[in-house]
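Engineer: Protein chains in written order, with the working numbering: chain E, -12 to 277; chain Z, -12 to 277; chain X, 65 to 641; chain F, 65 to 641.
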Amino acid sequence: MREEYRLKPSDFNTERRPTWCRGCGNYAIHDALKKVFVQLELYPHQIIMVYGTGCSGSGVNFLRTYGFHCMHGRAIPIAAGAGLAAHKMTVIAVSGDGDIMGAGGNQFIHACRRNINITCILVDNHVYGLAGGQVSPTGGNDYKAGSATRVISVQPINPVSLAIASGATFIARGFSGDPLQLREILKKAVRHRGFSLIDVLAPCIIYSSVDIYGYYRRKIYRLEDVKSYDRSKKAEAFEKSLENDRLPTGIFYKVDEPVYEDTLKQIDRKPLIDHIISDIDINKLLNRYY
Amino acid sequence: MREEYRLKPSDFNTERRPTWCRGCGNYAIHDALKKVFVQLELYPHQIIMVYGTGCSGSGVNFLRTYGFHCMHGRAIPIAAGAGLAAHKMTVIAVSGDGDIMGAGGNQFIHACRRNINITCILVDNHVYGLAGGQVSPTGGNDYKAGSATRVISVQPINPVSLAIASGATFIARGFSGDPLQLREILKKAVRHRGFSLIDVLAPCIIYSSVDIYGYYRRKIYRLEDVKSYDRSKKAEAFEKSLENDRLPTGIFYKVDEPVYEDTLKQIDRKPLIDHIISDIDINKLLNRYY
Amino acid sequence: MKVTNITWRIGGEAGCGIPAAGNIFSRTFSKKGYSVIDHIEYPLLVKGGHSTYISRLNSGEIFSLNRDINILAALDQRTIEMHQDEVIFSGYVIYDGEKYRLKDKVNIRKDINYISVPFQRITAEQGLLNIMISNIALGASLALIDYNVDNAVDTVKDVLSGRERETIEMNSRALEFGYKYIREKLKIKAYELEIVKPDAKLLVTGNDAVFLAGVRSGCKFYAECPAPQSYPIHDSFAAVEDDFNIVARNSEDEIEALNMAIGASFAGVRTMVTTSGAGFSLMGEGLGCAAITETPVVIVLLQRPAPAAGLPTWTEQGDMLFSLYASNGEFPRVVIAPGDPEECFYLTGRAFSIAEKYQIPVIIILDKYLSESHFTFAKFDMKKIKADRESIYLSDRDITGDYFRYNDTGNGISPRPVAGLKKGMHIANSEEHDRYGFSEEDAHNRKRMADKRFRKVGGLLEEIQPPVRYGPVNADMTIWGWGSSKGPVLEAIRILNSQEKKVNFIHFTYLYPFDREIVEKYINESSKNVIVENNKTAQLSKLIALYTGYRIGNKILKYSGRQFLPEEIVESIEKIE
Amino acid sequence: MKVTNITWRIGGEAGCGIPAAGNIFSRTFSKKGYSVIDHIEYPLLVKGGHSTYISRLNSGEIFSLNRDINILAALDQRTIEMHQDEVIFSGYVIYDGEKYRLKDKVNIRKDINYISVPFQRITAEQGLLNIMISNIALGASLALIDYNVDNAVDTVKDVLSGRERETIEMNSRALEFGYKYIREKLKIKAYELEIVKPDAKLLVTGNDAVFLAGVRSGCKFYAECPAPQSYPIHDSFAAVEDDFNIVARNSEDEIEALNMAIGASFAGVRTMVTTSGAGFSLMGEGLGCAAITETPVVIVLLQRPAPAAGLPTWTEQGDMLFSLYASNGEFPRVVIAPGDPEECFYLTGRAFSIAEKYQIPVIIILDKYLSESHFTFAKFDMKKIKADRESIYLSDRDITGDYFRYNDTGNGISPRPVAGLKKGMHIANSEEHDRYGFSEEDAHNRKRMADKRFRKVGGLLEEIQPPVRYGPVNADMTIWGWGSSKGPVLEAIRILNSQEKKVNFIHFTYLYPFDREIVEKYINESSKNVIVENNKTAQLSKLIALYTGYRIGNKILKYSGRQFLPEEIVESIEKIE
Ligand SMILES: Cc1ncc(C[n+]2csc(CCOP(=O)(O)OP(=O)(O)O)c2C)c(N)n1
Ligand SMILES: Cc1ncc(C[n+]2csc(CCOP(=O)(O)OP(=O)(O)O)c2C)c(N)n1
Ligand code: SF4
Ligand code: SF4
Ligand SMILES: [Mg+2]
Ligand SMILES: [Mg+2]
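1) Just how far apart, CA to CA, sit A355(X) and D383(X)?
2) Please tell me whether A291(F) and C353(X) are closer than 7 angstroms, where the distance is taken between their beta carbons.
3) Whole angstroms is fine: what's the gap from A132(Z)'s alpha carbon to Y117(X)'s?
4) From the beta carbon of C353(X), is the nearest beta carbon of chain F less than 7 angstroms away?
5) For the alpha helix (DSSP H) containing L384(F), name the first residue and the last one.
6) In its own chain, which residues sit with a C-beta less than 6 angstroms from the C-beta of N48(E), not counting the 5 before and 5 after it?
7) Output needed in chain order: residues of the region 503 to 516 of chain F with a Cβ under 8 angstroms from some Cβ in chain Z.
8) Against Q142(Z), what residues of chain E qualify as contacts under a CB-to-CB distance less than 8 angstroms, listed in chain order?
9) Measuring from each Cβ to the nearest heavy atom of ligand 6, keep the ones under 6 angstroms and list them in chain order.
10) For a test of the three-state rule: what should DSSP assign to R73(F), helix, strand or coil?
11) Per DSSP, what kind of secondary structure is N231(E) in: helix, strand or coil?
12) Using a Cβ cut-off of 7 angstroms, pull out every chain E residue sitting near P290(F), in sequence order please.
13) How should S590(F) be labelled, buried or exposed, when 16 other C-beta atoms within 10 angstroms of its C-beta is the threshold for buried?
14) Using a Cβ-Cβ distance under 7 angstroms, would F344(F) count as near chain X?
15) Any chance the CB of G341(F) is under 6 angstroms from a heavy atom of ligand 1?
16) How should E564(F) be labelled, buried or exposed, when 16 other C-beta atoms within 10 angstroms of its C-beta is the threshold for buried?
17) Please indicate yes or no: does the CB of I192(E) lie closer than 6 angstroms to some heavy atom of ligand 3?
18) Leaving out five residues before and five after M(-12)(E) in sequence, what residues of the same chain have Cβ atoms less than 6 angstroms from its Cβ?
19) Please tell me whether L109(X) has its Cβ less than 7 angstroms away from any Cβ of chain Z.
20) Just list the residues that DSSP pairs V567(X) with in beta bridges.
21) Does the beta carbon of G112(F) come closer than 7 angstroms to any beta carbon on chain E?
22) Sort E244(Z), T1(Z), F24(Z) by Cα distance to S219(Z) and report the nearest one.
23) D317(F) CB to nearest chain E CB: under 7 angstroms?
24) Distance, Cα to Cα, K22(E) vs R170(E)?
25) Let's test the definition: count the other Cβ atoms within 10 Å of the Cβ of L136(X) and tell me whether it reaches 16, buried, or not, exposed.
26) Between which two residues does the beta strand (DSSP E) holding Y178(X) run?
27) Looking at chain Z, which residues of the region 454 to 471 of chain F have a Cβ within less than 9 angstroms of any of its Cβ atoms?
28) In whole angstroms, what is the alpha-carbon distance linking N194(X) and Y194(Z)?
29) Along chain Z, which residues have their Cβ under 7 angstroms away from the Cβ of A492(X)?
30) Output, in chain order, the set of chain Z residues within a Cβ distance shorter than 7 angstroms of R280(F).
31) Could you compute how far the alpha carbon of K149(Z) sits from the alpha carbon of D268(Z)?
32) I want to see whether chain X comes within less than 7 angstroms of R519(F), judged by CB atoms only; does it?
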């Protein structure tokens, strides 16, 4: 579908300016999205973005595409529904760690196992940012995050491990402080057929220690640099995802598996939204009831 | 807490007789439970059983303990709440695969990661038995299960893998056709401090192919028989859990990690239910508001 | 004896093929032009437990079941204990006298006929399966009515078409053996059913009708969380997925089901979800999301006795007020409670149209009785369901300049395009928003958006069908009811009016918006009023009081998990007078 | 000028310390015996955006904020634009004249005083942080009132106790510099506030009061899903977990929160969950579970403008009918809407007692205004909250022979033990059950259990406090309202009655059960009625009509997400007459 104009990142700007705090990880994600859309020649009207509730969710106001700002934790099912109905469009869910790993955990694991063809960007700041800075399910004890009065030693959810165990077919970790890599991952994720998760470490500078970027920079290394790493092996990917002393970023796992939408004959010929429904003949069906 | 009478399995019978179909996997589970309670000298009044909705849930009528028959998918939070309030009691959630892995997936992963001190018996028959035999989230394509008009090639959830990824500290698979092993596992699970999951392959003879027991018998082997297997290694346990050509049963993973309840100073001295609350003095607290 | 009506009940241990036999019985007669209404009762068990099926057939028009049974086919003794009191004077009980002796336990009635048919022996001798016992009883019953068993055999072939030949053959044989046992061995002929014009009638349940209307209306996405209440609708959709380009989905929970439907609807297709009470209790969040984003969705609520899990296989009208006020905040919705499968069909069609035109959630309330009972109808008029989307959706041509997704229009409806259009890009926002959809906290904007949404009620009041009055305009007593109690009440007023008691009936299908004017007119025209509801708290009476201030003092309420029988209503009415 | 009342508003970009300064302002006066009511307004942003704090203080009794502002402390120009119209004739605006020049944008009012205080320069010169700007403004404001700044410095020390000394010192310095700038440099004295007896008053929000009552009532398990609406309550509980043996929990979602509370309550402790509308929309399932299993639980519903996410930081009374009918099926519950923090305290205490005694869910409804505004009270009477569990729970001694968990008692209450008792073993069953708790589908049993549950309403009607009439018994007009609009209406009728208009006010705290008798009496005693509600659909008027048939025609409704001001009500009332 060639379009008449040449895309540039600013085509994805709305009239509203972002309201995130300066230094917030959300900026890098939106920036990467716009650039990747341009690279992939995806026009605004070919994209459906679904946002959860939270700081990341306010992105609905700042990115010009078809967009849905949904209830806490429900970005994935909304995206899945939209994607089923209009499966030629690019569908991306952007949502927080509190959202997807808190209230939305069930929808997450089921989307993974069904391998539905959407991209999920987990804006992972380890806190419920907009809700008041409480430690989120991904929030660990490795650095002080959140407004908790007391550190409760529960294990954080590791979205990468969880996605591997649940059956997602493209699983990556990005870092908002590494925009180049983030863009690369994002591009591949959007292109990937099936469920792709990008867990983006996206510091909340309000509820994290001040040098959170430095902390991550010291800790992070890129999987691309590990030549021996085979990202098609599930068990290996899982083991890799458990690493915690140093944090790998990049693509942990990528395989081609049957995509949910592809198994549906009923959307084979054309998207559901394109059907004319004004006079559907059900007489043959009715005969069964006589 | 010594009791005045000598326990026997029939002490756990109620006046109601089980209504499960002959051959249903639920029988073996209840049988194992009663025997294990006797072995562990757990008296009926020292136990809280929480049941989900479904065929397994009707067990609430047949096992004599404190019991709660809750809403679809909510056995784990009900059990967790009861366990927090009465943490000296033994709390066990018994619930179906449709229940825990369908509606209850979110509560499941969070209970795992928090390592709350309950035992979860997943009655895994790969179908929504009571709901009409639909394929459940654990239902695969390996044998015909359920009333699906069409096989949709989505990956089933593997409860063992999911529990490992989510942080449970005791993870096992049992088989209702192997009551001895089931009892052994169950005993250890109840004794384990922290969240223990036993995924019990418990055939539904109504919605499975007739020789489902034979199918499992051919496929199953016991982890106890693999001398080299080290069940304290997470990555190894995960790899093991992916095995599908032959199905391991037994304990996949067992480690001692901080237990949620143990981190709570406020229940250190005595269970919450034992506090006298008739005249709690809040004057000091009130002073902060003057 | 020549009769125009036969009411037949079969009962026994689950696993004896009772649902199938009941279905065959009903269908055998509906095919030949009789009016039929049936109902199945079963416990919350996959196998075992006691289950019964009642089917009433009539050469004229009927609206519900009735209490008096002509033939009770008792596959076990418990059926006799439980149901022989319902057998009409000089009616028949068919039982297996070789398996259990009546005198041992049952209080034998002198005024009815007990006929032994050795089900078990026939099954054994003929090499039939246990599940076919009910067919033997069915065959025997047909013989009592002197009805050609071949018609039933044809039905069996129809119903089981696609199954193994042996299965069909064995089922037919069971039928025939039961038939012959009465006809040739016992030589009893109990009733002679009046003959009717053999124009086949549609035989559908409320569930069937909702499904059929869904397909006709162009529903493209259907979802439920697996549940005994809704799986008949799911299975129907699943069976036609490819033929009609529909995605039917078993969701992991009701939250996913509704949210996926909202997502699909946002993209631009018609969507429906079904659920029962406990599942609906999880849908409040999604309902509000649909409302504030103005995304159409049709929700079918299959009521069961509640609270909580309650009695999942029984019936009640307990969720009306919940469906009217579910979800936080205030927004317009439409709530519809059809009274029979015919209304299920047409009103489901309306539900889709209204949801899409007004961009609101529409809730259709059924209950177990209506969902799972079969009713006959001559046919459905396809012209009454039209999916006229083209006039509703915007195309690229319609959009010049800025597009305001939440344009503050006169009727409150802000036209929208399907997703993917070049010029119609927009956002749907579950936070309060301005006309673009951008999040907006301003006080004036808030008021304006709330007003815009509620302005739709004006249009909706024109769309809905006000309550219908059945029976004489001038009556001594007016019954008020809603939804599925329609049939029993219609039968009741037929009986009452035949007894020279002038009683009429106001039946509500649309519960919201509430057409106050017509209801007040009805109130003014009535003298004595009585509410008939299948619940404990008389929810319709509350609704009427809420809108009109008029409080109906007389109440006939049933909340045992069972539907009304017309005779019960008649007796209660007689007590009021 | 000598005054008895000062209303002060501070506004600016978020991040300038407005919430802290507001709190210090209010507390400085409440400590010294003044009546104070305040309110904070902020956008749905963690940082940035425009935020304001209004505090009213009075030497006498007050019930709500008022419209007229004496001093507007404007930290930015937008505050002047938005709020200078509210400044009373000859009132004061404090602003930073070195940062922005008024004439450029603002429509300067001739009748008020604009006083420039160079916030920015002082901050820079004194090496203060940006977040302390508001303290400078606060100090300046105190100088205008001629109020001893040392009192505020003491408050700062109090409020910040535990923080670093430097922080405290800097904050104090900011206060003092603002104060001195007005007093010593500009030498302005605007008001002289009437002196009161310096008896420190309690200064609490609705949230605080709910928390305090929860602790006093022996709540042992508290849960919420993290949310901006409820975290103040969570944080309060979390801070006293060890002192009072309470588990305070951030749940992954509202479903876990409520179900865990039910589980803990089943075991035998008092439990509470808090949530706002969207979260409550997910609690229907758990609510029904609590109801049919007869497990007590207290749910605090913090209303916000809705539907869906709506306006999470603003206020509305939109969820009354939802809370009354939430969840499938029919069951008794209690719904309570306190009108001020004092009622929050006592009624939360009642909620725990009632929930436990009647084994039912109790819902307490607050809204943003009530939750987050501070009000002063002399003290709380501890005797009014008594947790008398011993008389409610069974002990082993009480149980002889079979124990029936759901015993069909005269008052519908079936006594139960805590878990772990030897003789009290029982099951709680979310399916319909017999008196043991075993699943039971029988029709008679169903009716019996439904009747048993509803029989509790009789007792409940004795427990609840009927609507209270404020103002003269004989009035020309009666205002009807509920919950948090109590204060504004009380102020309004005070104004009206001072103008020789006889107006009284019927205020509902308990919404269910509904005390029809007293309401009908009130209706009979009133001549002209008007509803005042902070919503669009006049939900209380619906409730009244539903129960009494009386429909209140006059409605004053506000649904802009903002609470009523008394003056608005007065003006609307005047229009009615
Ligand atoms: C049903 C429900 N419960 C709770 C909330 C409160 N809430 C607001 S935003 C949010 C999530 C914030 O966390 P996250 O998803 O990590 O987003 P962030 O702000 O960190 O980007 C929550 C729980 C809500 N909106 N809805
Ligand atoms: C909210 C809700 N949705 C759906 C149902 C329908 N339902 C009844 S039992 C059940 C689960 C059955 O599956 P499973 O947990 O595997 O139990 P099984 O019967 O197989 O033992 C479901 C989904 C329900 N009870 N509540
Ligand atoms: S609070 Fe944190 S997550 Fe939210 S906008 Fe600010 S930096 Fe970003
Ligand atoms: S249907 Fe299946 S799971 Fe249910 S009782 Fe029968 S065998 Fe067991
Ligand atoms: Mg976050
Ligand atoms: Mg199952």
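Quick reminder that beta carbons are idealized off the backbone N, C-alpha and C, glycines included.
Structural biologist: Quick answer:
1) 20 angstroms
2) no
3) Residue placement at A132(Z) is flagged as unreliable, the pLDDT there being 49, under the threshold of 50; a coordinate-derived value is accordingly withheld.
4) yes
5) According to the sequence displayed, residue 384(F) carries Met and not Leu. Where M384(F) is concerned, the enclosing alpha helix (DSSP H) stretches over 384 to 389.
6) Cβ neighbours of N48(E) beyond the five flanking positions: R3.
7) Per Cβ criterion, the list reads S503.
8) R100, R101, N102, G154, E244
9) G41(Z), G83(Z), D84(Z), G85(Z), N112(Z), V114(Z), Y115(Z), G116(Z), S123(Z)
10) strand
11) coil
12) G85, Y115, A118, G119, Q121
13) buried
14) yes
15) no
16) Flag for E564(F) reads exposed.
17) Checking the Cβ of I192(E) against ligand 3 gives yes.
18) The pLDDT assigned to M(-12)(E) is 47, lower than 50, so where the model puts this residue is not dependable, and the model offers no usable value.
19) Cβ-Cβ to chain Z under 7 angstroms: yes for L109(X).
20) Per DSSP, M541(X).
21) yes
22) E244(Z)
23) yes
24) 8 angstroms
25) Counting the other Cβ atoms within 10 Å of the Cβ of L136(X) gives 16 or more, which makes it buried.
26) Run containing Y178(X): 177 to 180, per the beta strand (DSSP E) assignment.
27) Here the close residues are E454.
28) 18 angstroms
29) What A492(X) touches in chain Z: nothing, since even the nearest Cβ is about 25 angstroms away.
30) I267, I269
31) The identity of residue 149(Z) in the sequence shown is Leu, whereas the question assumes Lys. If I take the Cα positions, the gap works out to 45 angstroms.
32) no
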